[in-house]
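Trainee: Let me give you the structure first, and then I'll get to my questions.
There are 2 protein chains.
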Amino acid sequence: MAHKFSELRARMPPQAQARSAAKAQIMLAEMPLNELRQARGLSQKMLADVLHVQQPSIAKMEKRTDMYLSTLRSHIEAMGGQLEVVARFPDGVVKISNFAELGQPAVA
Amino acid sequence: MAHKFSELRARMPPQAQARSAAKAQIMLAEMPLNELRQARGLSQKMLADVLHVQQPSIAKMEKRTDMYLSTLRSHIEAMGGQLEVVARFPDGVVKISNFAELGQPAVA
Numbered sequence: 001m002a003h004k005f006s007e008l009r010a011r012m013p014p015q016a017q018a019r020s021a022a023k024a025q026i027m028l029a030e031m032p033l034n035e036l037r038q039a040r041g042l043s044q045k046m047l048a049d050v051l052h053v054q055q056p057s058i059a060k061m062e063k064r065t066d067m068y069l070s071t072l073r074s075h076i077e078a079m080g081g082q083l084e085v086v087a088r089f090p091d092g093v094v095k096i097s098n099f100a101e102l103g104q105p106a107v108a
Numbered sequence: 109m110a111h112k113f114s115e116l117r118a119r120m121p122p123q124a125q126a127r128s129a130a131k132a133q134i135m136l137a138e139m140p141l142n143e144l145r146q147a148r149g150l151s152q153k154m155l156a157d158v159l160h161v162q163q164p165s166i167a168k169m170e171k172r173t174d175m176y177l178s179t180l181r182s183h184i185e186a187m188g189g190q191l192e193v194v195a196r197f198p199d200g201v202v203k204i205s206n207f208a209e210l211g212q213p214a215v216a
């Protein structure tokens with residue numbers, strides 16, 4: 001997936017690539033999936049192509065407030081990222097490793 | 109949930125509380141859900157009580173490699189923590205905010 005993402009990026013016009021890189025630098029905060037996609041310089045159509053789904057599926061997915069971890073993982077990987085599941089406690093932070101190697105994504 | 113967790117902790121023998129606190133300090137790394145539960149000084153039975161489920165459900169849940177985010181969130185909150193969903197990119201890290209306010213957990 002990451003490979004395909006790089007290909008998509010390479011095909012973007014230079015200005016768009018630069019814009020996307022600048023946005024990526026300021027990504028420290030929290031944002032919903034649709035903003036993250038835009039910050040990565042990707043359209044719903046591009047993401048749909050990578051995931052072999054139709055564009056409306058991406059639109060629907062970005063509005064969901066609950067989903068399988070495997071579905072979310074595929075979505076994030078299609079954007080060139082990696083999913084991390086973290087449990088935050090008052091006295092520490094733990095990365096949950098159960099989901100490091102998920103199988104095929106569940107049907108959304 | 110966090111409140112109930114505090115009550116459970118308060119009822120633990122002092123040595124167990126100290127042991128649990130010491131373990132919590134070294135929780136920097138990655139671990140599966142069952143190890144996290146043990147590090148928090150909780151038994152499957154205690155967690156089952158907080159979540160109003162039977163103990164075998166906790167055992168089964170801890171073996172799963174995929175689940176709804178809402179299910180995982182309830183599980184982590186029952187341990188006194190907060191779920192964070194993070195997308196890691198080569199150039200930055202983003203917290204996904206779609207799942208900040210989930211409704212009722214999906215049936216596991």
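In order, the protein sequence lines correspond to chains A and B.
Residues in the first sequence are numbered consecutively from 1, following my numbering.
Residues in the second sequence are numbered consecutively from 109, following my numbering.
All residues carry an ideal CB built from backbone N, CA and C; glycine is no exception.
All values reported here derive from a predicted model rather than from experimental measurement.
By DSSP, does B/V194 sit in helix, in strand, or in coil?
Mentor: If DSSP states are grouped into helix, strand and coil, B/V194 belongs with the strands.
Trainee: If you measure between the beta carbons of B/S178 and A/D66, is that distance less than 8 Å?
Mentor: Yes, they are a contact pair.
Trainee: Is there contact here, the stretch 148–164 of chain B with the stretch 42–57 of chain A, by at least three beta-carbon pairs under 8 Å?
Mentor: Result no; under three Cβ-Cβ pairs closer than 8 Å.
Trainee: Looking at B/I204: is its Cβ nearer than 8 Å to the Cβ of B/A195?
Mentor: Yes, the pair counts as a contact, with Cβ atoms nearer than the cut-off.
Trainee: For B/G149 and B/E192, what's the separation of their Cα atoms in angstroms?
Mentor: Using only the alpha carbons, I get a separation of about 21 Å.
Trainee: Could you round the C-beta distance between A/F89 and B/G200 to whole angstroms and report it? I think they count as a contact, below 8 Å.
Mentor: At roughly 24 Å, the Cβ-Cβ gap does not stay under 8 Å, so A/F89 and B/G200 are not in contact.
Trainee: A/P32 and B/N206: beta carbons closer than 8 Å?
Mentor: For A/P32 and B/N206, yes; Cβs fall inside 8 Å.
Trainee: By the DSSP assignment, the beta strand (DSSP E) with A/V53 in it spans what residues?
Mentor: No beta strand (DSSP E) holds A/V53; DSSP gives it neither H nor E.
Trainee: Does A/L33 come within less than 8 Å of chain B when only Cβ atoms are used?
Mentor: Closer than 8 Å: yes.
Trainee: Considering only C-alpha positions, which residue in the set A/P13, A/V94, A/R37, A/A59 is nearest to A/A78?
Mentor: Checking every option, the nearest Cα to that of A/A78 belongs to A/R37.
Trainee: Considering only residues of the same chain and omitting the five flanking positions on each side of A/V94, which have a CB-CB separation below 6 Å?
Mentor: So the list reads A87, once near-sequence residues are dropped.
Trainee: Residues of chain B with CB closer than 8 Å to the CB of A/R37, please, in chain order.
Mentor: By Cβ distance, chain B contributes nothing, its closest Cβ being about 10 Å from A/R37, past 8 Å.
Trainee: Give the residues from the stretch 85–98 of chain A that approach chain B closer than 9 Å (Cβ to any Cβ), ordered along the chain.
Mentor: Listed in sequence order: V85, V86, A87, R88, F89, P90, D91, G92, V93, V94, K95, I96, S97, N98.
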